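Q:
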């Protein structure tokens, strides 16, 4: 067989042809390698660092990302469907089933997330406003106060006179009202501060009590239903409110500072090593087989590699190399 005959056979890319079988041999060889041999943590860590550094050094990356996000946001804004209508029915059903499963998170974990200074400050302000509003309704004039509807006509007349009186009586009534309001605000503020811990404790109990798992599941399903019923156009408008350039700048700054540290590559390698620790020495074929992915990876790898080899063996440089090899 001369070089031309061999080249013609290698260029046959039909299924189970010479090129296809060569691709299968390469794929099978790679799948037989241990996981950490095929994906060495040190090499992958360097590749990730190089990729991040390349992105950070690019003058156009930010503009391209912002442009892509703006395009996506524009598409969402014009879409009149809800998120539920945009998702495959099977996926929406699966999400609902997942949300309805019994699960009660750890109480300490929930408290550590909820009881944070900014959340506490917000909750304190809301609780304080509710208490003040309630106190004002309670202390309103008899004619406006539903709590005092049962007062006698004499009490009503006295209250009206005090409110409309001038001079000393009016001044005393006004000063008394202001002092009561100051006392109410002080007590409300003190009460809000002391009550917040109890509020967070009760909220954590409600979210983590295993005996209330059914109620927790109902709440998760209700929240999911609310999200799925959101119009995509509304999500698009919300996305337009986000500061994409500012957020990207913050991310780039943080990554740049981290990559400039002497431990960045070692930390990346450490994370990858820990992630692969259990299966590092197992053949990739075995790992994929236990996950039910072996046949899919074999088929896709074979097809992908055959497609990449075909233009190589069809090229003039490959033909010259093969001819020189056959002559030697």
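In my numbering, the protein residues as written are 16 to 343. Ideal Cβ positions, reconstructed from N, Cα and C, are used throughout, including at glycine. Because the structure is a prediction, the values reported are computed rather than measured.
Using a Cβ-Cβ cutoff of less than 8 Å, which residues in the same chain neighbour residue 317 once the five nearest sequence positions on both sides are dropped?
A: Excluding positions up to five away in sequence, the list reads 35, 38, 39, 42.
Q: Taking DSSP's pairing of strands, which residues face residue 97 in a bridge?
A: Per DSSP, 246.
Q: Cα-Cα, which of 236, 266, 149 is closest to residue 71?
A: Of the candidates 236, 266, 149, the one whose C-alpha sits nearest the C-alpha of residue 71 is 266.
Q: Can you confirm whether the region 282-294 touches the region 132-152 when touching is taken to mean that 3 or more C-beta pairs between the two stretches lie within less than 8 Å?
A: The answer is no - the region 282-294 does not touch the region 132-152, with fewer than three Cβ pairs under 8 Å.
Q: Counting C-beta neighbours from all protein chains within 10 Å, is the total for residue 56 16 or more, i.e. buried, or is it exposed?
A: Result: buried.
Q: Run the proximity test for residue 252: is its beta-carbon closer than 7 Å to any non-hydrogen atom belonging to the ligand ATP?
A: This structure lacks the ligand ATP, and indeed carries no ligand of any kind.
Q: Within 10 angstroms of its Cβ, does residue 207 collect 16 or more other Cβ (buried), or is it exposed?
A: Residue 207 should be labelled buried.
Q: Considering Cα atoms alone, identify which of 328, 342, 336 is closest to residue 33.
A: Cα-wise, what sits closest to residue 33 is 328.
Q: Between residue 165 and residue 220, what straight-line distance do the alpha-carbon atoms span, to the nearest angstrom?
A: With a pLDDT of 47 at residue 165, under the threshold of 50, the modelled position of this residue cannot be trusted, and the question is left open.
Q: Please report how far the alpha carbon of residue 26 lies from the alpha carbon of residue 257, in whole angstroms.
A: Spanning the two alpha carbons is a distance of roughly 53 Å.
Q: For residue 291, report the span of its alpha helix (DSSP H) as first-last.
A: Premise fails: residue 291 is in no alpha helix (DSSP H) and is neither H nor E.
Q: Starting from residue 333, trace the alpha helix (DSSP H) both ways and give me its first and last residue.
A: Note, residue 333: alpha helix (DSSP H), 331-342.
Q: CA-CA distance, residue 69 and residue 77?
A: Answer to the nearest angstrom: the Cα atoms are 12 Å apart.
Q: So, helix, strand or coil for residue 120, using DSSP?
A: It is coil, neither helix nor strand.
Q: Could you name the residues of the same chain whose beta carbon sits closer than 8 Å to that of residue 325, not counting the 5 residues immediately before and after it, in chain order?
A: These residues qualify, in order along the chain: 26, 28, 34.
Q: Consult DSSP for residue 171 and reduce its assignment to one of helix, strand or coil.
A: Confidence in residue 171 is poor, its pLDDT being 48 and thus under 50, which makes the residue's placement too unreliable to answer from.
Q: In this structure, what does DSSP give as the bridge partners for residue 49?
A: Looking at the DSSP assignment, residue 49 forms a beta bridge with 298.
Q: Please name the residue in 244, 88, 282 whose C-alpha comes closest to that of residue 63.
A: Per the Cα distances, 282.
Q: At which residues does the alpha helix (DSSP H) containing residue 227 begin and terminate?
A: Counting along the chain, residue 227 falls outside any alpha helix (DSSP H), and DSSP gives it neither H nor E.
Q: Alpha carbon to alpha carbon, how far is residue 149 from residue 191? Give it in angstroms, no decimals.
A: Caution is warranted here: a pLDDT of 48 is assigned to residue 191, below 50, making its placement in the model unreliable, and the coordinate value is therefore given only provisionally. Going by the C-alpha atoms only, they are around 18 Å apart.
Q: What is the C-beta distance between residue 97 and residue 243, in whole angstroms, given that I count them as a contact (C-beta under 8 Å)?
A: Going by Cβ atoms, the distance from residue 97 to residue 243 rounds to 7 Å, so yes, they are a contact pair.
Q: Give the C-beta separation of residue 131 and residue 223 to the nearest angstrom, bearing in mind that I take them to be a contact with Cβ-Cβ under 8 Å.
A: Wrong, their Cβ atoms sit about 17 Å apart, outside the cutoff.
Q: Taking residue 293 as the reference, which of 262, 51, 211, 151 has the closest Cα?
A: Out of 262, 51, 211, 151, 51 has the C-alpha closest to the C-alpha of residue 293.
Q: For residue 320 and residue 332, I'd like the C-alpha separation in whole angstroms.
A: Whole-angstrom Cα-Cα distance: 19 Å.
Q: Can you grab the Cα-Cα spacing for the pair residue 213 / residue 116, in whole Å?
A: Cα to Cα, residue 213 sits roughly 28 Å from residue 116.
Q: Could you compute how far the alpha carbon of residue 173 sits from the alpha carbon of residue 151?
A: Summary for residue 173: the model assigns pLDDT 48, below 50, so the residue's position carries little reliability; its value from the coordinates is reported in the next sentence. If you take the alpha carbons of residue 173 and residue 151, they lie about 19 Å apart.
Q: By a C-beta neighbour count over all protein chains shown, 10 Å radius and 16 as the cutoff for buried, is residue 231 buried or exposed?
A: The residue in question, residue 231, is buried, as its Cβ has 16 or more Cβ neighbours within 10 Å.
Q: Tell me whether residue 281 sits in a helix, a strand or coil according to DSSP, three-state version.
A: It is helical.
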